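*Asks:* Numbering follows the numbering used here, in which position 104 of the sequence shown is assigned residue number 162; successive positions increment by one, without gaps. Ideal placement from N, C-alpha and C gives every residue a C-beta, glycine not left out. As the structure is a computational prediction, the values presented were derived from the model and not from experiment. Below you will find the structure I want to go over with you.
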Amino acid sequence: MAVVFERPKSLCDVPLHYCPGCTHGIVHRLVAEVMDEMGIEGNTVGVCPVGCSVMAYDYFGCDMIEAPHGRAPAVATGVKRTNPDKFVFTYQGDGDLAAIGTAETVHAATRGENIVVIFINNTIYGMTGGQMAPTTLPGQVTQTTPFGRNPELAGYPVRVCEMLSTLTGVALAQRVAVDSVPHVREAKKAIRKAFENQKEKKGFSIVEVLSTCPTNWGLTPTDALKRLRDEMIPYYPLGVYKDSVAGGND
């Protein structure tokens, strides 16, 4: 019997710890599929900091490093500069990348570090109980904004791809989503392009993935996907914000 669907070899055969309906698992699969297709599992180093993806070292078959909260781009920079022949990627959430790790993200990008950043944006702090994140939408209810995020008090959400697209060292800044089959396919293409950019030494590539957090949103998985489409995508439009050849440090 022909096999038409199977687990990527770069994705370990273990149960995931993510909540039901969480879309981290989809993104994990896409990253693993790209590693399989490019044949780079044994030549890849992933870096995950604190957050929902803190245990990603259990799921990917490649070498993995645990970084302090927000410091994944700095750790990835060190790995890539000392091992320029390796593929290096970070896997970070919005609270990690766009809050405590803002400086590391911006400076790695502006230096044109030849790494891939997978950025999961679910507009909330997932692992620590659902507090407001830098990406939380105006009016969104969280544990720390029980009446909804008020921009007059908490400021406005950070649009990461738009911000990083202004930096010379960025080769790719693209926002995708995983709420539908067409969007999942587009997300995989973006992740593949980011890894191809690293292979071609083009510089810093970031793929922002709009994702769901049914538990902390207080929604069913189906309703969470609807919220992503109805509320997140209008505020965070999908698309390529920068795609150009950029000088790296290899």
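Find the nearest neighbour of His36 within the set Met290, Gln150, Ile173, judged by alpha-carbon distance.
*Replies:* There is no way to answer for residue 36, as the model of the chain reaches only from 59 to 308.
*Asks:* Count the other CB atoms, across all protein chains shown, that sit within 10 Å of the CB of Lys246; report buried if there are 16 or more and exposed otherwise.
*Replies:* Here residue 246 refers to the residue found at position 188 when the sequence shown is read from its first residue. Buried is the call here.
*Asks:* Do you know offhand how far Val92's Cα is from Arg250's?
*Replies:* Indexing the sequence shown from 1 puts residue 92 at position 34. Indexing the sequence shown from 1 puts residue 250 at position 192. If I take the Cα positions, the gap works out to 6 Å.
*Asks:* How many whole angstroms separate the CB atoms of Gly119 and Leu195, which I take to be in contact at a CB cut-off of 8 Å?
*Replies:* Taking the first residue of the sequence shown as 1, we reach residue 119 at position 61. Taking the first residue of the sequence shown as 1, we reach residue 195 at position 137. Going by Cβ atoms, the distance from Gly119 to Leu195 rounds to 36 Å, so no, they are not a contact pair.
*Asks:* Could you check whether Pro107 and Asp152 sit closer than 8 Å to each other, using their CB atoms as the reference points?
*Replies:* In the sequence shown, the residue the question calls residue 152 occupies position 94. In the sequence shown, the residue the question calls residue 107 occupies position 49. It is not a contact, given that the beta carbons lie outside the stated cut-off.
*Asks:* Assuming Val236 contacts Ala248 (C-beta within less than 8 Å), just tell me the rounded distance between them.
*Replies:* Looking up residue 236 in the sequence shown gives position 178. Looking up residue 248 in the sequence shown gives position 190. With 8 Å as the limit, Val236 and Ala248 do not qualify as a contact, their Cβ atoms being about 11 Å apart.
*Asks:* So, with DSSP's three-state summary, where would you put Val72?
*Replies:* Residue numbering aside, residue 72 sits at position 14 when the sequence shown is read from its first letter. Reduced to three states, the DSSP call for Val72 is coil.
*Asks:* Need the endpoints of the beta strand (DSSP E) that Asn179 sits in, please.
*Replies:* Within the sequence shown, the letter at position 121 stands for residue 179. Run containing Asn179: 174–179, per the beta strand (DSSP E) assignment.
*Asks:* Quick one: what does DSSP say Gly306 is sitting in, helix, strand or coil?
*Replies:* Counting from 1 along the sequence shown, the entry for residue 306 is found at position 248. In this predicted model, Gly306 has a pLDDT of only 41, less than 50, meaning its place in the structure is not dependable enough to derive any value.
*Asks:* Give the secondary structure of Gly151 by DSSP, where H, G and I count as helix, E and B as strand, and everything else as coil.
*Replies:* If you number the sequence shown from 1, residue 151 lands on position 93. Three-state result, Gly151: strand.
*Asks:* Report the option in Lys67, Val72, Tyr293 whose CA atom is closest to the CA atom of Tyr214.
*Replies:* Here residue 214 refers to the residue found at position 156 when the sequence shown is read from its first residue. Taking only the C-alpha atoms, the option nearest Tyr214 is Tyr293.
*Asks:* State buried or exposed for Ala161, treating a residue as buried only when at least 16 other CB atoms are found within 10 Å of its CB.
*Replies:* Within the sequence shown, the letter at position 103 stands for residue 161. That one is exposed.
*Asks:* Out of Asp121, Val105, Asp116, point me to the one whose CA is closest to Thr135's CA.
*Replies:* Within the sequence shown, residue 135 is the residue found at index 77, counting from 1. Checked all of Asp121, Val105, Asp116; the closest Cα to Thr135 is Val105.
*Asks:* Along the alpha helix (DSSP H) that carries Asp281, what are the first and last residues, could you check?
*Replies:* In the sequence shown, the residue the question calls residue 281 occupies position 223. Run containing Asp281: 279–285, per the alpha helix (DSSP H) assignment.
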